[in-house]
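In UniProt numbering, the protein residues as written are 1 to 223. Even glycine gets a Cβ: it sits at the ideal position worked out from N, Cα and C. Beneath this line is the structure, given in structure tokens, with notes to follow.
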Amino acid sequence: MSFVEYADSEMLAIAVANELAGELKAALDHQERAVFVVPGGTTPGPIFDDLCDAELDWSRVDVLLSDERWLPEAHIRSNSRLIRERLLTGRAAKARYLPLYARAETPEAVLAELEANIAPNLPISVCLLGMGADMHTASIFPGADNLEEALAPRAPILVPMRAPNVPEVRVTLSAHVLDEALCKHIVITGDQKRAAIERARYMRPVDAPIAAVLSGATVHWAP
Ligand SMILES: O=C1O[C@H](COP(=O)(O)O)[C@@H](O)[C@H](O)[C@H]1O
1 MSFVEYADSE
11 MLAIAVANEL
21 AGELKAALDH
31 QERAVFVVPG
41 GTTPGPIFDD
51 LCDAELDWSR
61 VDVLLSDERW
71 LPEAHIRSNS
81 RLIRERLLTG
91 RAAKARYLPL
101 YARAETPEAV
111 LAELEANIAP
121 NLPISVCLLG
131 MGADMHTASI
141 FPGADNLEEA
151 LAPRAPILVP
161 MRAPNVPEVR
171 VTLSAHVLDE
181 ALCKHIVITG
191 DQKRAAIERA
201 RYMRPVDAPI
211 AAVLSGATVH
221 WAP
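Listed below in structure tokens is the structure:
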């Protein structure tokens, strides 16, 4: 992995948004459509604010989340809600959104349908990921019920996840789908996450899931 340090979160957001826009444009130079995977959570909002007005042909970009919380879109914790409010606005409103959520009691009930929507678009062209202080990425959590399945080399595209201390059921892209992205970025802030990602380099993905996607990734960090 390579590590890039910024003076503050604002500088990080501007630089990462520029880099992602450049990579999406480059992908669109040699293919009809580009697939852009983005994280939810609290960190990426400012990047989306800068990226949503980038000058590129958003109508040829498919946007999907790295993972979703099994909640209706109107819910305050829905990752889709964040994407719709902060990324799929301005010029980026023309992008095609591929949701990881459909109205159903559990992800298992609609998993095949959701996967069928994503499969023809893989591999991911540009992937932005976040990481929790517990070293989870997407919704691949240490101690989760389907952790081994999500980390398996032949894992399905999507894996439902139930994890200790995580309030809702999740659905996540599996580690190999994320890891095979042509461009991979991880965005983190704060000393705790910096120390965690340094430790993760020497750990097994089963203990530190972020380790499964570190190879070839650029880690962007700000205090
Ligand atoms: O729950 C989630 O956590 C990670 C990290 O989120 P953050 O709030 O610590 O930035 C995020 O990447 C993932 O998409 C999200 O569902």
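As computed with DSSP, Val159 is found in a beta bridge with Thr172.
The C-beta of Ile47 has 16 or more other C-beta atoms within 10 Å across all chains shown, which makes the residue buried. Taken in chain order, the whole beta strand (DSSP E) runs of length 3 or more contained in the segment 8-93 are 34-38, 61-65, 67-69. For Ile188, the secondary structure class from DSSP, reduced to helix, strand or coil, is strand.
Remark: the shortest separation between the CB of Met131 and any heavy atom of ligand 1 falls under 7 Å. When DSSP states are grouped into helix, strand and coil, Val110 belongs to the coil group. For the 8 Å CB-CB criterion, Tyr101 and Val63 do not form a contact.
Note that the C-beta distance between Ile210 and Met131 is below 8 Å. Apart from sequence neighbours up to five positions away, the residues of its chain that approach Cys52 with a beta-carbon distance below 6 Å are Leu87, Thr89, Gly90, Ala92, ordered along the chain. Excluding the 5 residues flanking it on each side, Val159 has same chain C-beta neighbours closer than 6 Å at Asn146, Glu149, Ala150, Thr172, Ser174, in chain order.
With contacts defined by Cβ atoms closer than 8 Å, Leu128 and His176 do not form a contacting pair. Note on Lys193: 16 or more other CB atoms within 10 angstroms of its CB, so buried under the neighbour-count rule.
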